[in-house]
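Undergrad: Residue numbers (full-length UniProt numbering): 1 to 487.
Note that CB positions come from ideal geometry on N, CA and C, so glycine has one too.
(1) Quick one: what does DSSP say residue 194 is sitting in, helix, strand or coil?
(2) Just list the residues that DSSP pairs residue 567 with in beta bridges.
(3) Do you know offhand how far residue 106's Cα is from residue 73's?
(4) State yes or no: is the C-beta of residue 242 within less than 8 Å of the C-beta of residue 231?
(5) Ends of the alpha helix (DSSP H) at residue 383?
(6) Quick check: the Cα distance between residue 130 and residue 252, rounded to an integer number of angstroms?
(7) Tell me whether residue 477 is buried or exposed, calling it buried when 16 or more other Cβ atoms sit within 10 Å of its Cβ.
(8) Whole angstroms is fine: what's the gap from residue 78's alpha carbon to residue 329's?
(9) Looking only at DSSP bridge pairs, what is residue 46 linked to?
(10) How should residue 215 be labelled, buried or exposed, when 16 other C-beta atoms within 10 angstroms of its C-beta is the threshold for buried?
(11) Going by the beta-carbon positions, is the gap between residue 96 and residue 84 smaller than 8 Å?
(12) Just the C-alpha distance for residue 68 and residue 180, rounded to the nearest angstrom, thanks.
(13) Quick one: Cα of residue 115 to Cα of residue 283, how far?
(14) For residue 118, collect the residues of the same chain with a Cβ closer than 7 Å to its Cβ; drop the 5 residues on either side in sequence, then sort them by chain order.
(15) State the beta-bridge partners of residue 288 as determined by DSSP.
(16) Kindly indicate which residue of 98, 152, 168 and 326 has the alpha-carbon position closest to the one of residue 192.
(17) Grouping DSSP H, G and I as helix and E and B as strand, with all else coil, what is residue 111?
(18) May I have the straight-line CA-CA distance separating residue 425 from residue 108, to the nearest angstrom?
(19) Could you spell out where the alpha helix (DSSP H) holding residue 368 opens and where it closes?
(20) Output the boundary residues of the beta strand (DSSP E) element that contains residue 408.
(21) For the beta strand (DSSP E) that residue 217 lies in, which residues bound it at each end?
(22) Report the rounded CA-to-CA distance for residue 256 versus residue 279, giving the unit in angstroms.
(23) Which residues does DSSP pair with residue 92 in a beta bridge?
(24) Would you tell me roughly how many angstroms separate the C-alpha atoms of residue 234 and residue 326, rounded to the nearest one?
(25) So which of 186, 287 and 227 has the shortest CA-CA distance to residue 236?
(26) Where in the segment 222-260 do unbroken runs of the beta strand (DSSP E), each at least 3 residues long, occur, reported from the N-terminal end onward?
(27) Residue range of the beta strand (DSSP E) that residue 359 falls in?
(28) Which partner residues does residue 143 have in the DSSP bridge list?
(29) Using the rule of at least 16 other Cβ atoms within 10 Å of the residue's Cβ for burial, across every protein chain shown, is residue 173 buried or exposed?
(30) Go through its chain and collect everything with a Cβ distance to residue 377's Cβ below 7 Å, but skip five positions before and after it.
(31) Mapping the DSSP letters down to three states, classify residue 102 as helix, strand or coil.
(32) Does the pairing of the segment 439-458 with the segment 43-53 give three or more beta-carbon distances under 8 Å?
(33) Which one of 415, 394, 317 and 455 has the shortest CA to CA distance from residue 363?
(34) Which value, in whole angstroms, describes the spacing of the CA atoms of residue 246 and residue 170?
(35) Less than 8 Å between the beta carbons of residue 82 and residue 467, yes or no?
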């Protein structure tokens, strides 16, 4: 029986009104109105499918009856970061650090690039990105490499520690899809210790590196432009037809008072078009989505801040901003009835197709806040404050009005990111609650009306934080050491 003291889901909308209407199937466009930002029907080539980070697949995925087919294993390669599967019509691609450096004598440190078969997962090639022997090289490869897939090749970004306090080298390279050989490479000195996901759109590669947004020609790696230096807070740039959107904490000393803002850079030359302040919300999955001339932002608290005590909780909104000047086109507030800062949650990203914006909500359970050793009495006392409402929303892209809402699973535990295709919305539900037992699976939802078609994957061990992709009738899940395929 549901407790009467539990909070109920409240929604308000600042433009349009709350409506219940079925969507219609409209042919999907690229995220800039053309196909230069959109993968092909058999591809999932970027972190979120498109360069604009819309989570949109141009081909249908599996139904709720999907089963595990095989796993393409990355031999002695591991990627512990929240990276996406890279799927091309010709194969499954990936990059990873050496998983077992001490299995050899002397120890071997470094990373590899991989290509596996789409048909059965067998290895087609494995190439060294960089390998060094000896314990003295323990830290030279500081983080797993990152990559994205383009028509001409596999684009890899990795960071090298020069050692002895001498800074770092950012490496960017293009590798042949046929055999993994290096076609061009660039090295840039830096003091930035974080690697970010590269993004390809058209004939340009975009990377957040060395405190700036940089653009390279995909043909030969030559510089197109470099933005002014700024303090970016985003795992990958969101690249639209005319602008590149990045969350950040300001440009230089003049912006020391900036806690968080969204900046739109001109895609042609990297100049700043505009910046608008945003609430100081954080989370590793924080990404705006750029579709046509609009930037969609989700203001909430990411999964990395579960139970974080904060002095003030801002309104949790999904907003549409005009890409030309940053003005607000509409705003939808999703908010629960409590202002208790321990309940910080919501979402920091959305999925977007031709007519709808989708959001999945994540709020902590009592056990996640208190920890596995908490008593049942303590959990029961906090249970009255735990959010238990609808955890999926679909908004009209034109005016922000509510099309439908729905609930999957037993709690608001929808992990980033959502994926939408021509018929379905795909959501990963993962209740990482030791008190109630693990519940992790993918849900398939009718995108027109929010009807839950079913779920799959409950019998598999799934890392809740892993990104997945949908292409050519299959769902591809990054497992850290490979890509698992569901059809």
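TA: Taking the coordinates as given:
(1) coil
(2) Outside the displayed range of the chain (1 to 487) lies residue 567, so it cannot be described from this structure.
(3) 25 Å
(4) no
(5) 376-383
(6) 34 Å
(7) buried
(8) 42 Å
(9) Per DSSP, none; premise fails for residue 46.
(10) buried
(11) no
(12) 28 Å
(13) 31 Å
(14) 91 and 92
(15) DSSP, once it has assigned bridges, lists no residue as partnering residue 288.
(16) 168
(17) strand
(18) 43 Å
(19) 366-370
(20) Element bounds for residue 408: n/a, residue is neither H nor E.
(21) 212-217
(22) 16 Å
(23) 87 and 116
(24) 18 Å
(25) 287
(26) 223-226 and 243-248
(27) 356-360
(28) Residue 143 pairs with nothing; no bridge assigned.
(29) buried
(30) none
(31) helix
(32) no
(33) 415
(34) 20 Å
(35) yes
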